[in-house]
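For what it's worth, my numbering labels the leading residue of the sequence shown as 55, then goes sequentially.
What follows is a set of notes on a single structure, which appears directly below.
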Amino acid sequence: MTDKRKPYKTYTKEFKIEAVRLMTGSDTSPAQLAMELGIRRNQLYKWKEQLEDKGDDAFPNKLGRPRKEEQSDMATLRQENKRLKEEVEILKKAAVDSSEQRNRYTKILNCRGTFDDAIKTNIYPRRERSYF
Numbered sequence: 055m056t057d058k059r060k061p062y063k064t065y066t067k068e069f070k071i072e073a074v075r076l077m078t079g080s081d082t083s084p085a086q087l088a089m090e091l092g093i094r095r096n097q098l099y100k101w102k103e104q105l106e107d108k109g110d111d112a113f114p115n116k117l118g119r120p121r122k123e124e125q126s127d128m129a130t131l132r133q134e135n136k137r138l139k140e141e142v143e144i145l146k147k148a149a150v151d152s153s154e155q156r157n158r159y160t161k162i163l164n165c166r167g168t169f170d171d172a173i174k175t176n177i178y179p180r181r182e183r184s185y186f
């Protein structure tokens, strides 16, 4: 026996707003209105609550996957966020140096193995030796 599920119905924003308006503005009961519209009574109350809470932003039309550009933007932001968190950790370790040493290379050695070397060199740039 194979039971086939009914596919989910999607309703437009206008339909939802009109259904809530009919529920609040007419003399018919929500149960009767739900039967006429072919939806469950509970759904009407959910839509009404969403409309009261969020107003015009209540029913966004988001179907399917996000667009490629949104995905790439999110990936870039995640990478940048990760890099900045690592830099903050390095700076915290450098600031809490127990021996109060000012040598930046000693501080890098204290952080060795924790973070990427490229990040360390960006935070603590090497200076060229001027005495040779």
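Every residue gets a Cβ at the ideal spot worked out from N, C-alpha and C, and that includes glycine.
A quick note: this is a predicted structure, and the numbers were derived from the prediction, not measured.
Problem - Residue from Ala-73, Lys-58, Leu-145 whose Cα sits closest to the Cα of Glu-90 - result: The count along the sequence shown starts at 1 and reaches residue 90 at position 36. The shortest C-alpha separation from Glu-90 is found at Ala-73.
Problem - CB of Met-77 within 8 Å of CB of Lys-58, strictly - result: For the purposes of this step, residue 77 is identified with residue 23 of the sequence shown, where counting begins at 1. For the purposes of this step, residue 58 is identified with residue 4 of the sequence shown, where counting begins at 1. No, the Cβ-Cβ distance between Met-77 and Lys-58 is not below 8 Å.
Practice task
Determine, using beta carbons only, whether Asn-115 and Lys-67 come nearer to each other than 8 Å.
Solution key: Position 61 of the sequence shown, counting from 1, holds the residue named residue 115. Position 13 of the sequence shown, counting from 1, holds the residue named residue 67. Yes; because the gap between Cβ atoms is below 8 Å, this pair is in contact.
Exercise for the section: Measure the Cβ-Cβ separation of Arg-75 and Ala-85 and say whether it is below 8 Å. Expected result: Within the sequence shown, the letter at position 21 stands for residue 75. Within the sequence shown, the letter at position 31 stands for residue 85. Against a cut-off of 8 Å, the Cβ pair of Ala-85 and Arg-75 comes out as no contact.
Practice task
List the endpoints of the continuous alpha helix (DSSP H) containing Lys-102.
Solution key: Within the sequence shown, the letter at position 48 stands for residue 102. Note, Lys-102: alpha helix (DSSP H), 95 to 108.
Problem - Cβ-based burial, Ala-88 [other Cβ within 10 Å; buried from 16] - result: Taking the first residue of the sequence shown as 1, we reach residue 88 at position 34. Buried.
Handout entry: Arg-75 - containing alpha helix (DSSP H), residue span
Key = Position 21 of the sequence shown holds residue 75. Start and end: 67 to 79.
Practice task
For Ala-112, name the three-state secondary structure that DSSP assigns.
Solution key: Along the sequence shown, read from residue 1 onward, the residue named residue 112 stands at position 58. In the structure shown, Ala-112 sits in coil (DSSP, three-state: anything other than H, G, I, E or B).
Handout entry: Alpha carbon of Gly-79 to alpha carbon of Lys-63, nearest angstrom
Key = One-based indexing of the sequence shown puts residue 79 at position 25. One-based indexing of the sequence shown puts residue 63 at position 9. Approximately 25 Å, taken between the alpha carbons.
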